[in-house]
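Peer 1:
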Amino acid sequence: MTEIDLTGVPCPMNWVRTRLMLEQLERGQQLDVLLDPGEPLRSVPASAREDGHEVVVAENRVTIVKR
Amino acid sequence: MTLTDRELERYSRQLVLPEWSGEAQERLRAASAIVVGAGALGSPAAMYLTAAGIGRIGVVDSDAVELSNLHRQLLHFTPDVEVAKAENAAVKLRALNPEVEVDPYPARLEEANAEAILMGADVVLDCADSFETRYVVNDTCCALGVPLVEGAVLGLGGQVMTIVPGRSACYRCAFPASPPPESVPSCREAGVLGPVAGIVGSIQALEAIKLLTGVGHPLLDRILQVDGATTEQTLIATERRADCPACSQVAATAQSG
Numbered sequence: 003m004t005e006i007d008l009t010g011v012p013c014p015m016n017w018v019r020t021r022l023m024l025e026q027l028e029r030g031q032q033l034d035v036l037l038d039p040g041e042p043l044r045s046v047p048a049s050a051r052e053d054g055h056e057v058v059v060a061e062n063r064v065t066i067v068k069r
Numbered sequence: 053m054t055l056t057d058r059e060l061e062r063y064s065r066q067l068v069l070p071e072w073s074g075e076a077q078e079r080l081r082a083a084s085a086i087v088v089g090a091g092a093l094g095s096p097a098a099m100y101l102t103a104a105g106i107g108r109i110g111v112v113d114s115d116a117v118e119l120s121n122l123h124r125q126l127l128h129f130t131p132d133v134e135v136a137k138a139e140n141a142a143v144k145l146r147a148l149n150p151e152v153e154v155d156p157y158p159a160r161l162e163e164a165n166a167e168a169i170l171m172g173a174d175v176v177l178d179c180a181d182s183f184e185t186r187y188v189v190n191d192t193c194c195a196l197g198v199p200l201v202e203g204a205v206l207g208l209g210g211q212v213m214t215i216v217p218g219r220s221a222c223y224r225c226a227f228p229a230s231p232p233p234e235s236v237p238s239c240r241e242a243g244v245l246g247p248v249a250g251i252v253g254s255i256q257a258l259e260a261i262k263l264l265t266g267v268g269h270p271l272l273d274r275i276l277q278v279d280g281a282t283t284e285q286t287l288i289a290t291e292r293r294a295d296c297p298a299c300s301q302v303a304a305t306a307q308s309g
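Quick mapping for you: the protein sequence lines, in order, are chains A and B. Going by the numbering used here, the first sequence opens with residue 3, and the numbers climb by one from there. Going by the numbering used here, the second sequence opens with residue 53, and the numbers climb by one from there.
1. By DSSP's criteria, M213 of chain B is part of a beta bridge. Which residues make up the other side?
2. Going by the beta-carbon positions, is the gap between K68 of chain A and L36 of chain A smaller than 8 Å?
3. I need the straight-line Cα distance from G246 of chain B to T4 of chain A, nearest angstrom please.
4. Please classify E134 of chain B: does DSSP put it in a helix, a strand, or coil?
5. Return the chain-ordered list of same chain residues with a C-beta closer than 8 Å to the C-beta of A306 of chain B, the five sequence neighbours on each side being excluded.
6. Entirely within the segment 101-166 of chain B and at least 4 residues each: give me those alpha helix (DSSP H) ranges in chain order.
7. Would you call the CB atoms of V212 of chain B and L148 of chain B closer than 8 Å?
8. Buried or exposed: which applies to G309 of chain B, given that a residue is buried once 16 or more other Cβ atoms fall within 10 Å of its Cβ?
9. Using DSSP bridges, identify the partner residues of L177 of chain B.
10. Comparing the C-beta of L27 of chain A with each C-beta of chain B, is any distance below 8 Å?
11. Given a threshold of 16 other Cβ atoms within 10 Å of its Cβ, counted over all protein chains shown, does G250 of chain B qualify as buried or as exposed?
12. For the segment 72-98 of chain B, which residues have a CB atom closer than 7 Å to at least one CB atom of chain A, in sequence order?
13. Please confirm if V18 of chain A has its CB atom under 8 Å from at least one CB of chain B.
14. Of all Cβ atoms in chain A, is any one closer than 8 Å to the Cβ of E151 of chain B?
15. Applying the criterion that 16 or more other CB atoms from any shown protein chain within 10 Å of the CB defines a buried residue, is S95 of chain B buried or exposed?
16. Would you say A97 of chain B and Q285 of chain B are within 8 Å of each other, going by their C-beta atoms?
17. Residue ranges of each alpha helix (DSSP H) run of no fewer than 4 residues wholly in the segment 8-69 of chain A, ordered along the chain?
18. For a test of your reading of the model: does the CB of T185 of chain B fall under 7 Å from any non-hydrogen atom of the ligand FAD? Yes or no.
19. Report yes or no: is there a C-beta of chain A within less than 8 Å of the C-beta of E59 of chain B?
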């Protein structure tokens with residue numbers, strides 16, 4: 003499992019970094035992203051779902067399974 | 053060859069595109085383009101390629117900036133009048149994006165130097181304003197197997213055609229012979245409305261980016277005609293000619309697109 007701490011990283015750079023990390027993974031692999039509350043925690047999971055990934059949010063931890 | 057933090061920020065608004073990716077960005081950074089002509093088409097074409105993060109761009113133009121160029125040639129500003137266009141374009145493009153290697157060629161592209169200038173390019177954008185140059189660029193790109201994006205504009209009309217030698221129709225397949233010189237008005241006589249050139253040059257940059265990254269679908273075997281008067285666009289189908297003297301002997305390359 004890979005984890006990146008993107009607290010303090012504003013939109014849309016947090017999503018840029020998340021996407022680039024996801025690019026490195028194989029399908030089915032998991033990426034955990036730590037995000038700030040507010041806009042980051044609203045938009046990064048939404049963007050990941052739009053790209054077709056599975057997303058689970060638990061507090062400020064967003065777990066993405068690459069699809 | 054990962055992207056730096058500054059690159060991530062600079063290109064962030066294209067990196068978030070679902071169709072784009074870090075890999076596409078890196079492919080663009082590894083690529084080299086030559087823009088023939090730093091005028092009305094070459095300005096937006098070179099600016100967008102540079103802004104998008106092409107690795108290296110060469111700009112070919114033998115003219116100096118004139119006051120009458122400025123209504124349509126966006127790389128050149130009023131204080132640049134009388135400066136060589138290739139050099140001025142290089143200054144502006146480097147200021148736009150210092151990550152890009154910019155090489156000015158203050159020369160007129162012709163048969164004698166075409167191969168030396170175009171060899172090694174991953175894509176060529178023909179933004180020149182003469183039929184003579186257009187055929188030289190087409191024939192040289194076919195001989196070298198380099199993809200080409202042809203653009204032309206006159207009055208309120210313009211056209212674009214993307215060519216992958218050996219795979220799609222080349223300019224000579226679509227237009228086997230140059231029209232008689234007296235039938236072709238020049239920009240000087242016929243005039244050009246700046247934004248029409250902006251549309252065509254911008255589409256040329258888009259086509260080049262698609263060819264280089266594999267994102268989207270390039271405009272192959274079709275000629276896009278833009279009518280600025282009505283804002284209508286028309287696609288005209290075209291196809292390779294078995295007897296084309298420029299491209300019939302070219303084997304299809306493994307180019308993406």
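Here a beta-carbon is modelled for each residue, glycine too, at the ideal position from N, C-alpha and C. These numbers come from a predicted model, not from an experiment.
Peer 2: Taking the structure as given:
1. Along the second sequence, one-based indexing puts residue 213 of chain B at 161. Answer is B:E202 and B:I275.
2. By one-based count along the first sequence, residue 68 of chain A stands at place 66. By one-based count along the first sequence, residue 36 of chain A stands at place 34. Taking a C-beta distance under 8 Å as the contact criterion, K68 of chain A and L36 of chain A do not qualify as a contact pair.
3. Within the second sequence, numbered from 1, the residue matching residue 246 of chain B stands at position 194. Within the first sequence, numbered from 1, the residue matching residue 4 of chain A stands at position 2. Approximately 51 Å between the Cα atoms of the pair.
4. Along the second sequence, read from residue 1 onward, the residue named residue 134 of chain B stands at position 82. The three-state reading of DSSP puts E134 of chain B in coil, since its state is none of H, G, I, E or B.
5. As a working mapping, residue 306 of chain B is identified with position 254 in the second sequence. Model confidence at A306 of chain B stands at a pLDDT of 47, short of 50, so the residue's coordinates are unreliable and nothing is read from them.
6. Within the segment 101-166 of chain B, the complete alpha helix (DSSP H) segments at least 4 residues long are 137-148, listed from N- to C-terminus.
7. For this step, residue 212 of chain B is matched to residue 160 along the second sequence. For this step, residue 148 of chain B is matched to residue 96 along the second sequence. It is not a contact, given that the beta carbons lie outside the stated cut-off.
8. In the second sequence, residue 309 of chain B corresponds to position 257, counting from 1. For G309 of chain B, the predicted model reports a pLDDT of 40, less than 50, meaning its position is unreliable; a value from the coordinates is still stated below. The Cβ neighbour count for G309 of chain B, taken over all protein chains shown within 10 Å, is at least 16; the residue is labelled buried.
9. Position 125 of the second sequence, counted from the first residue, corresponds to residue 177 of chain B. In the DSSP secondary-structure assignment, L177 of chain B is bridged to B:V87 and B:V201.
10. Translated into the one-based positions of the first sequence, residue 27 of chain A becomes position 25. By this cut-off, L27 of chain A is not an interface position.
11. On the second sequence, residue 250 of chain B is found 198 positions in, with the first residue counted as 1. Counting the other CB atoms within 10 Å of its CB gives G250 of chain B a total of 16 or more, which places it among the buried residues.
12. Cβ contacts with chain A: S73, G74 and E75.
13. Working through the first sequence from its first residue, we reach residue 18 of chain A at position 16. Taking 8 Å as the CB threshold, V18 of chain A lines the interface with chain B.
14. As a first step, residue 151 of chain B must be located in the second sequence, where it is residue number 99. E151 of chain B does not count as touching chain A.
15. Residue numbering aside, residue 95 of chain B sits at position 43 when the second sequence is read from its first letter. Label assigned to S95 of chain B: buried.
16. Counting from 1 along the second sequence, the entry for residue 97 of chain B is found at position 45. Counting from 1 along the second sequence, the entry for residue 285 of chain B is found at position 233. Not a contact, by the Cβ cut-off of 8 Å.
17. For secondary structure counted as the alpha helix (DSSP H) over 4 or more consecutive residues, the segment 8-69 of chain A holds these complete runs in sequence order: 15-26 and 41-52.
18. The ligand FAD is not part of this structure, which contains no ligands at all.
19. Taking the first residue of the second sequence as 1, we reach residue 59 of chain B at position 7. False, the Cβ-Cβ gap to chain A never drops below 8 Å.
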